[in-house]
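Undergrad:
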Amino acid sequence: MAEIRQMLDFLAHPEADCGDINRLLDEQLARVRARLKAMHAMEKQLSRLRAHCEAGHTAAECGILHELTAAAHPRK
Ligand SMILES: [Zn+2]
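Quick note, the working numbering runs 226 ahead of the 1-based positions in the sequence shown.
Encoded structure:
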C-alpha cells in the first residue's frame, strides 16, 4: 500500500514532524471508514434483497427480481 510505504519513508527522516505521520494516518482512516460504511450499506441491501427469495421457483416468480425491477422502475 502506498500509505504504508509513505509512512516508512519517515524512518529515513527521523527529524520529520510526527504531525505529518498523524495526518497521513487520519486520511487513511477516513478512507477505510468510508469504504466500511459503503460495504455495510451494500451488505444490508444485499441481505434485504436475499430475504425476498427462498428458491424453488422460476426467475419470473422470483421476489428478488421483482424487487430489482421495482427499484429500477420506481412507481410514481
Ligand atoms: Zn427467487
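Where a beta carbon is used, it is the ideal one built from N, C-alpha and C, also for glycine. Please read these numbers as outputs of a predicted model, since none were measured by experiment.
1. Nearer than 7 Å: is that true of the beta carbon of A286 relative to any heavy atom of ligand 1?
2. Indicate, with yes or no, if ligand 1 has a heavy atom lying under 7 Å from the CB of G289.
3. Tell me which residues share the same chain as Q307 and place their Cβ nearer than 7 Å to its Cβ, disregarding the 5 neighbours each side in the sequence.
4. Have a look at H283 and H292 and give me their C-alpha separation to the nearest angstrom.
TA: Judging by the given coordinates:
1. no
2. yes
3. Nothing about residue 307 can be read from this structure; the chain reaches only from 227 to 302.
4. 13 Å
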